[in-house]
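These notes concern the structure reproduced below.
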Amino acid sequence: RTTGQFHQQKNAKRVHKVQLVLAIIFAGIAGMLLPFSHDYRHTMLLLGFVVFAIPLALPWSLGLLISIIAKFTPKGLIGYQVAETKELVAPMSLAMMAMLLAVTANISMNTLVGSFESTLKQWLNARLHADLYIRPAQSQMMKVEQFLELQAQVTSVYKQFYLKSQHGTLPIFLVTKDVQTLKQTTLFKSTTTDIWPQFFDNKMVIVSEPMAVRLGLTLGDRITLEAIPDRSFPIGGIFYDYGNPYGEVLISPDIWRQQHFPAIPLSLGIGYQGKPNHMRKLLQQKFGISDALIYDQSQIKQRAITIFTKTFAITKVLNSLTLLVAAIGLFSACFMLTEARAAPIARLYSLGVSRKQISFMVMTQMLSIVFLTCIVALPAGVILGYLLINHITLQAFGWSIAMLWDWGTYADVVVLALGASLLAVILPLYQQTKRPLISSLQREVI
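Quick note: to get the working numbering, add 615 to the position in the sequence shown (first position is 1).
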């Protein structure tokens, strides 16, 4: 039996080395081709190579980590426990691969969702500078504007002008705003020096990031707009824009007037000293504007965050489901493994190791493997999160997102994985330790 176990372990080491070589090949292919991939569909294919590489490298990684731990472990029962833990890697490898993928998916998706939420809140705080936003009927716009300018508590009236257009096959909006709104709400991803003087001198335009990503535009490129066919403009800046399915091009107010584009704004923003609800009631009484067409700043933020939360709520459910599926696989592996380990456990019992010590040893062995798997999953999840944020999301939507490291959430995922694993281990362990261990030893001798 000892000879058979030796050959099994030797064969397992050989298989783990082959898996490691395959993992390096897959990761190498993805690493070499990713810089040249500019389509999210091709990038997702390369991401699949990374997903294959991560679990293939796990058994060898676990063996390496346990070998390092063994060097600092004292001799005796603890040393035996660590040495046997290394032998458990081979029969537990498939279950641990499933657990690794589940934890890695959790970490990467939590990184993506958390980073996107933080970026969205910062963007909303910068974009929403007015206290109230109004969108009355075009026939009422001038009257509403004149009324607002006469109100003592209205400190400023902001105007936004939009014109639907086309740039090649991409639908876009030509946009201009008042000077203060343009300067306060335009969050630049990149810009030339002295952008605003050149912009207001009608020498440059500013494009949204999704439009720039989709058309491969960079600073200094010249574009010709279908609405202004007799002139081309260099791109002086690229600004962040989230949730907008259309490209946007900011042009100066002077160009807007020179081209005789619509003089009536699409919407108005109000700087107001006082309670916004008071102005809301005045506008409703004076002009009969629907409540659905008057938004205060906090209302827009709350609605945006609510939509975001509902959109990604399913992510948490799916993350928990993947951990549950992995725990079920772990339960099956633990059940079969404890059955196969009946004789070694019985030998320990016959040597004077108590049932309590045996139970603690077996449980810590299983949880140690799961914990080391989570340690491997942390960098793997961060790598996948980075690829999702800086490649997939950017190429698919044109959104740059600041990647955040949420260590608290990572710790929660690890604790959840350990908890699920503990539940998977308890039942087979309880059944094993409650059996008459001497009978297992007798069967081994026979």
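C-beta: ideal position from N, C-alpha, C; glycine also. Predicted, not measured: the structure shown is a model, and the values here were computed from it.
query	result
Label ILE922 either buried or exposed according to how many other C-beta atoms from any shown protein chain fall within 10 Å of its C-beta, with 16 as the threshold for buried.	exposed
Relative to the C-alpha of GLY886, which candidate in LEU648, VAL769 and ALA717 has its C-alpha closest?	VAL769
Since GLN634 contacts LEU671 with CB under 8 Å, what's their CB separation in whole angstroms?	4 Å
Residue range of the beta strand (DSSP E) that PHE667 falls in?	Careful: PHE667 lies outside any beta strand (DSSP E), inside the alpha helix (DSSP H) at 655 to 671.
If distances are taken between C-alpha atoms only, which option among PHE664, ASN859, HIS1006 and ILE683 comes closest to PHE651?	HIS1006
Would MET647 be called buried (16 or more neighbouring beta carbons within 10 Å of its own) or exposed?	exposed
What are the start and end residues of each continuous alpha helix (DSSP H) run of 4 or more residues lying completely inside the stretch 966 to 1030, in chain order?	970 to 1002 and 1009 to 1012
Quick one: residues in its chain with C-beta nearer than 7 Å to the C-beta of GLU732, no 5 flanking neighbours on either side, listed in chain order?	PHE923
Are the C-beta atoms of VAL985 and some chain B residue less than 8 Å apart?	This model lacks chain B altogether, as it is built from one protein chain only.
Residues in its own chain within less than 6 Å of THR734 by CB, not counting five upstream and five downstream?	ILE1016 and ALA1017
Could you tell me whether the stretch 938 to 952 touches the stretch 1037 to 1046, using the rule of 3 or more Cβ pairs below 8 Å?	yes
Distance check for LEU1003 and THR617, CA to CA, integer angstroms please.	Below a pLDDT of 50, predicted positions are generally treated as unreliable, and THR617, at 47, falls in that range; no measurement from the model is reported.
Do you know offhand how far VAL697's Cα is from MET707's?	15 Å
Which runs of the beta strand (DSSP E) spanning at least 3 residues fall entirely within the stretch 710 to 796, listed in chain order?	747 to 749, 769 to 782 and 785 to 792
Within this structure, are the beta carbons of VAL882 and TYR748 separated by less than 8 Å?	According to the sequence displayed, residue 882 carries Ser and not Val. Yes; because the gap between Cβ atoms is below 8 Å, this pair is in contact.
With three or more beta-carbon pairs closer than 8 Å as the criterion, would you say the stretch 760 to 775 touches the stretch 830 to 843?	no
Decide if the stretch 856 to 870 is in contact with the stretch 782 to 798; the criterion is three or more beta carbon pairs, one per stretch, under 8 Å apart.	yes
With DSSP collapsed to three states, give me the class of LYS818.	coil
Let me know if ALA752 comes out buried or exposed under the rule of 16 or more other beta-carbons within 10 Å of its beta-carbon.	exposed
What's the gap between the Cα of GLN972 and the Cα of VAL985?	20 Å
Pull up the distance between the alpha-carbon of THR1024 and that of LEU987, whole angstroms please.	18 Å
Could you name the residues that DSSP lists as bridge partners for GLY886?	SER771
Measure the C-alpha to C-alpha separation of LYS818 and PHE848 and round it to an integer number of angstroms.	7 Å
Is it right to say ASP911 is buried, meaning 16 or more other beta carbons lie within 10 angstroms of its own, or is it exposed?	buried
Determine the contact status of ILE915 and LEU802, defining contact as a CB-CB distance below 8 Å.	no
Alpha carbon to alpha carbon, what distance is there between ARG629 and PHE927?	42 Å
LYS798: buried (16+ other C-beta within 10 angstroms of its C-beta) or exposed?	exposed
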